[in-house]
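Step one of this worksheet: look at the structure below.
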Amino acid sequence: LDGGATVPFIARYRKEVTGGLDDIQLRELEARLSYLRELEDRRAAVIKSIQEQGKLTPELLAAIEAAPTKQELEDIYLPFKPKRRTKGMIAKEAGLEPLADKLFADPTLNPNVEAEAFILPAGKIEGADFTTVAAVLDGVRDLLSERWAEDAALVQSLREWLWAEGLFRSKLAAGKDENNPDVAKFRDYFDYDEPIGRVPSHRALAVFRGRALEMLEAKLVLPVEPEPGKPSLAEGKIALHLGWSHAGRPADDLIRKCVAWTWRVKLSLSTERDLFSRLRDDAEKVAIKVFADNLRDLLLAAPAGPRVVMGLDPGIRTGVKVAVVDATGKLVETATVYPHEPRRDWDGALHTLARLCERHGVQLIAIGNGTASRETDKLAGELIKLMQKQAPAQDGKALAAIEKIVVSEAGASVYSASEYASQEMPDVDVSLRGAASIARRLQDPLAELVKIDPKSIGVGQYQHDVNQSELARTLGTVVEDCVNSVGVDLNTASVPLLSRVSGLSASVAKAVVRWREAHGAFKTRKQLMDVAGLGAKTFEQSAGFLRIRGGDNPLDMTGVHPETYPVVEQIMEKTGKPVAEIMGRTDMLKVLQPELFANEKFGVITVKDILGELEKPGRDPRPDFKVARFNDGVEDIKDLREGMILEGTVSNVAQFGAFIDLGVHQDGLVHVSQLAHKFVQDAREVVKTGDIVKVKVMEVDVERKRIGLSMKLGDAPARQGGDRGASQG
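For the working numbering, add 3 to where a residue sits in the sequence shown, where the first one is 1.
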C-alpha cells in the first residue's frame, strides 16, 4: 500500500504476497493500519507532553507503550492533560493533599479535628476560601474525587460494567406534542429502554436523531436505581476499586461523600458521553456497512447489455419524460408525453411511444420508480400489447415482445443537473437527461451509477446521521472494487468510469479519453503508455482492469495482466497453439499443470488465475438479467389487502429486514423474522438489493404508511415480527 499499489490490484494480481486475501479483507487491513499509525502518533505526542512536565516514570512509560487502543491511551493521559485550574488543583495549592491522604489512609481520624490545622487566612489562595473547617473538608472532597475520576483502571472498569449492564433510555422530550406528525415518527421511543451494549444500530441512530431534533431525551441509567439516601451500584463499584467500605469510623461519612461526588459530579456524565459515543460509533459502522453492501449489490446488478432501451421518467403534471438510447448507450431521441392528469392524453402518448419503438427498434422499456410509476407501468403494458398487434410475423414467427422493467431512479435527478451530464448531453433539457440515465442504468447499472455521488443513490438508512467523510470514503472504495472486479472497456468507458479504475486519477482518465478522441480506438494495452501523464506505475496498476475488444492482442480483452503475458507464451509453446485457439478451450486448459509454468515472480496461484481467465475470457462476474412483474390493480397502499401474494424488488436491506418495492409509492418491510423458515441473524443472508422476490402482505397501516410483509410462503403464516425503527430512514 505504501508503495502506491491499490487494493483491487493487490487483491487481483498479488495473491502470492497476501495468501489470496480478497478486496474486502484488504480494506479492513488498510483501515486497521491507518488506526494503528494514528495510535502510534498519539502515543509519541503523549509521551512527549508528560516528559516535558517532568512526570514520566518508567512505570508510566510502560503503561503508555502497552495501551492497545486510543481510548485507553487517553485514560492514562487524563491526569497529565493540560487543563484549566480546577477545584482539586486549588485544594492542592492550598496544601490539603497531606490531609486528604491521611484521612483516606486512616478513617479512624476525626476529619473536623484534623482539618483545623489546615485552615488558611482569607485571601491566601486566589479564587478560594479555606477559612473554615467545612471549606477545608470540601477541598478534600474535590481533591480526592478528582484524583479518583482520573484513575484509568477505575474509569475503564466502570465503563465496561455499564456497557454490559447499563440501560439506554429515551422518552418524549418535555413540551412536545406526541400527535404532531414530525414527533409521532419517534413514537416507538417515547418510553423505551434497552441494555446499551445490545442496542441494534438502527434503534441507536433513531434515538440519536430524535435527540438531535429535540423530540426525545436520552440518557444512560444504572441497571438498578438506588433507594433514596442509599449509595448507587456505581458508587459501590468505586468503593470496591478503592478497597474501602463504610465501617462507621469518624472519617467514613466524609469518604462516602467523596465517593458519591466522584460518581455523580465527575464520572456519570463523562461515562454516559463515552458510552453514547461508543454506541454511535458502533451503530455508524453497521449503518455504513449496510449502505456499502447494498451499494455493492446495486452496482453489481445484472446488466441488460447492448440492447435498445426506452427510458421513461414518470411525472404527472409535468408529463412523462422519454429518452431512447441505442445499444451503445448513445441518446438517439427524446420526447415528453402527457398520459396522466390533467391532460390525460393516453392515446396520444401511446401513439408517440409506438412511433419511437418502431423507429429505433426498442427492445426494453425502463420505468423510473418515482411518482406515477405504476400508472406509467400500465401505459408501458398497453404499449407492448399495441406493438405485438402491429408487428408483422417474420418467417411465420412472432417478434419477441418488448419487456418493461421498473428501475430505481435514485440519483437520476442529481446526475441530470451535474456538470458531467451537461458535457455528455449539452443540448438536452435537464429533465430529459434523467430519462436517458434511467435507460442506461438498465443496460449497465455499474457504468451509469458511477457518474453519481454514491450517497445520492439512496440505498442506505440513516445516511445523514453517520460520519459523512467515513461514509464517502467507504462508498468510494466499494465503487472502486466493483468497477475493477467487472473490468472496463477502454474504448467506450466514460471519464467517471475510467477514474474508478485502479491507479487512474480523474486527470489521467480525462487524458485517456482525449487520446482516444484524437487517435481513435486503442488497439493494444501498450498504447496506454502513449497517453500523457500515464507512466509505468500507473500502467502496472491499471492495465489488467482495462479491456480492449477486437484489438491486436486477444489477451487484451481478458483479466490477464500484461506483466504475465510471458507466462501465456509458455502455455502457447506447451500446447503448440496460438492464444486465440487456446482461449475458451476448457478441455485443453484443464489438463495443464499450473506448477509447470510457475516461477519466482509468478507463483501457482497466479498461473491458476491465468488459466481461469483463458477458459472464460473477459467473463462478467455479474448475474444474468431478469425482469420483475408488478401486479395489475395494485397501484397505491390503499389497494393492498392482508393475504395478497405479490412480486417486488428488494430496494434496500438493513440488518432488521428488507424493504420491498411493490410499486405503491411506499416500500414494504419484510422483518428479519419473516424472511425464512429458519433463524436469520442478518437479512443479507437471505436477500440482497435488486433481488426479485415473492411476498405475502401481513399488515397495512395506511395512516403511518407502513406495510408489513412476509417471505414465509407455503406454510401457515408465522406471527408477524414488528421492530422499532422499521420506517425507512
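Using N, Cα and C, we set each Cβ at its ideal position, and we do this for glycine too.
Residue burial classification, residue i (beta-carbon count within 10 angstroms, cutoff 16)
i	result
isoleucine 551	buried
asparagine 655	buried
methionine 532	exposed
histidine 735	This structure gives no information on residue 735, because the portion of the chain shown stretches from 4 to 732.
proline 457	buried
alanine 661	buried
phenylalanine 682	exposed
proline 71	exposed
proline 184	exposed
glutamine 56	exposed
valine 262	buried
lysine 400	Because the pLDDT at lysine 400 is just 46, under 50, the model does not fix this residue reliably, and the point stays unresolved.
glycine 6	exposed
arginine 347	exposed
glutamine 573	exposed
isoleucine 405	buried
glycine 523	exposed
asparagine 297	buried
serine 510	exposed
proline 626	exposed
glutamate 41	exposed
serine 173	buried
Closer than 7 Å: residue i CB and nearest the ligand GTP heavy atom
i	result
glycine 606	The ligand GTP is not among the ligands present in this structure, which contains no ligands whatsoever.
Chain C within 8 Å of residue i, Cβ atoms only
i	result
lysine 611	Judged by its chain identifiers, the structure shown contains no chain C, having just a single protein chain.
Endpoints, beta strand (DSSP E) assigned at residue i
i	result
isoleucine 663	660 to 664
isoleucine 777	Missing from the structure shown is residue 777; the chain here goes from 4 to 732 and no further.
alanine 137	Segment 136 to 152 is the alpha helix (DSSP H) holding alanine 137; no beta strand (DSSP E) there.
threonine 477	Taken as a continuous stretch (DSSP letters only), threonine 477 belongs to no beta strand (DSSP E), being part of the alpha helix (DSSP H) at 471 to 489.
alanine 330	Here alanine 330 belongs to no beta strand (DSSP E), and DSSP marks it neither H nor E.
DSSP three-state assignment for residue i, whether helix, strand or coil
i	result
tyrosine 750	The shown model of the chain, from 4 to 732, leaves out residue 750, and the question about it has no answer.
aspartate 590	helix
lysine 381	helix
asparagine 747	For the chain, the structure presents residues 4 to 732; residue 747 sits outside this window and is missing.
lysine 699	strand
arginine 17	coil
glycine 671	strand
aspartate 623	coil
arginine 87	coil
isoleucine 405	coil
arginine 206	helix
glutamate 220	strand
glycine 399	With a pLDDT of 47 at glycine 399, under the threshold of 50, the modelled position of that residue is not reliable, and the figure given next carries that caveat. Correct three-state label for glycine 399: coil.
valine 515	helix
lysine 292	helix
aspartate 194	strand
leucine 614	helix
glycine 711	strand
isoleucine 122	coil
isoleucine 258	helix
threonine 541	helix
methionine 647	coil
lysine 324	strand
glycine 461	coil
threonine 692	coil
glycine 213	helix
glycine 579	coil
Opening and closing residue of the alpha helix (DSSP H) in which residue i lies
i	result
tyrosine 418	415 to 419
leucine 359	349 to 363
glycine 130	Here glycine 130 belongs to no alpha helix (DSSP H), and DSSP marks it neither H nor E.
Beta-ladder partner(s) of residue i, from DSSP
i	result
glutamate 181	Partner(s): none; glutamate 181 has no beta bridge.
methionine 560	According to DSSP, methionine 560 bridges with nothing at all.
aspartate 456	Beta-bridge pairing links aspartate 456 to no other residue.
phenylalanine 171	Glu197, Leu223
Exercise. Would you call the segment 10 to 29 and the segment 471 to 487 in contact, with 3 or more CB pairs under 8 Å?
Worked result: yes
Exercise. For the segment 449 to 468 against the segment 492 to 500, are there 3 or more C-beta pairs whose distance is under 8 Å?
Worked result: yes
For this session: Determine contact between the segment 707 to 717 and the segment 665 to 681, defined as no fewer than three beta-carbon pairs at a distance below 8 Å.
Result: yes
Exercise. Okay, do the segment 336 to 356 and the segment 382 to 389 touch, 3+ Cβ pairs below 8 Å being the bar?
Worked result: yes
Exercise. Just checking, does the segment 250 to 259 make contact with the segment 190 to 205 on the three C-beta pairs under 8 Å criterion?
Worked result: no
Problem set entry | Segment contact, 8 Å Cβ cut-off, at least three pairs: the segment 309 to 321 with the segment 370 to 378 | yes
Problem set entry | Cβ contact check for the segment 210 to 226 and the segment 189 to 202: 3 or more pairs under 8 Å | yes
Problem set entry | Stretch pair the segment 133 to 152 + the segment 110 to 124: three plus CB contacts closer than 8 Å | yes
Problem set entry | Sufficient close CB pairs (3 or more, under 8 Å) joining the segment 283 to 290 to the segment 300 to 307 | no
Problem set entry | Validate contact between the segment 560 to 575 and the segment 540 to 549 using beta carbons, cut 8 Å, 3 pairs | yes
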